[in-house]
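In our numbering, the protein residues as written are 473 to 636.
Note that the Cβ used here is the ideal one computed from N, Cα and C, for glycine as well.
Please read all numbers here as calculations on a predicted model, not as lab measurements.
Below: one structure, written as structure tokens.
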Amino acid sequence: MGMMGSGKTSVGRRVAERLGRPFLDSDDQVEARTGRTVREIFETEGLGEAAFRVLEAEALVEALARPDPLVIAAAGGVVLDPANRARLMESATVVWLHADPEVLATRVTTGDHRPLLGDDPRPVLERMYRQRRALYEQVAQGRVVDVGMHSIDGAVEAVLELVA
473 MGMMGSGKTS VGRRVAERLG RPFLDSDDQV EARTGRTVRE IFETEGLGEA
523 AFRVLEAEAL VEALARPDPL VIAAAGGVVL DPANRARLME SATVVWLHAD
573 PEVLATRVTT GDHRPLLGDD PRPVLERMYR QRRALYEQVA QGRVVDVGMH
623 SIDGAVEAVL ELVA
């Protein structure tokens, strides 16, 4: 788990590969279910961010209910919902892929899959970081990898050490 640009998908896929487990990206699950991109969901009248948060919670519930162990790249905002935090702490081993907003801003662009950023990602990322940091800390329960200090391969190794 982590903010956009933290490497959830890249690191998660490799961790899943190394563990021999399936990989699920909650954004991909939402897009498959709705037939819309995350950006389209955010921009569609009557949907927007609130609808996306409901859809991401449903994707999380489905993923956590699977009988087989898997690696999930949960959407960065999933921690905003107290019920999601409780589900994660009860049913998953969560690792927070942490990076400072300055690092994240160098990694993200305003591409189709980043509808919350607008033209200048830095202030948005700083606001999100302030809002979410304590929530990520709570859910990760001490399992934190500073991805600003690691390559993708280094982050994968650090995650594997925490979940082994």
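Each residue's CA atom was taken as its position, placing glutamate 562 and glutamate 598 some 29 Å apart.
The alpha carbon of proline 595 has as its nearest neighbour, out of Arg525, Val502 and Ala577, the alpha carbon of Ala577.
Annotated three-state conformation of leucine 536 is helix, per DSSP. Taking 7 Å as the cut-off, the beta carbon of arginine 615 is found no closer than this to the beta carbon of valine 551. Per the C-alpha coordinates, the member of Ala630, Thr565, Met473 and Arg490 positioned closest to aspartate 499 is Met473.
Excluding five sequence positions before and after alanine 529, the CB atoms of its chain that fall closer than 8 Å to its own CB belong to Val550, Asp553, Ala555 and Asn556, given in chain order. Judged by DSSP secondary structure, leucine 552 falls outside any alpha helix (DSSP H); it is assigned neither H nor E.
Per DSSP, the beta-bridge partners of alanine 545 are Asp497. Per the Cβ contact rule, the segment 600–608 is not in contact with the segment 506–517 (fewer than 3 Cβ pairs under 8 Å). Bounds of the alpha helix (DSSP H) holding valine 487 are 480–491. In this structure, serine 478 sits away from leucine 542, with a CB-CB distance that is not shorter than 7 Å.
Of the candidates Arg505, Thr565 and Asp497, the residue whose Cα lies closest to the Cα of alanine 547 is Asp497. Valine 596: member of the alpha helix (DSSP H) spanning 593–612, first to last residue. Put simply, of Arg525, Ala522, Gly520 and Arg559 the residue whose alpha carbon is nearest the alpha carbon of alanine 535 is Arg559. With a cutoff of 7 Å on beta-carbon distance, glycine 620 and valine 575 are scored as near each other. Taking 7 Å as the cut-off, the beta carbon of alanine 537 is found no closer than this to the beta carbon of glycine 484. 7 Å or more divides the Cβ of alanine 522 from the Cβ of glutamine 501.
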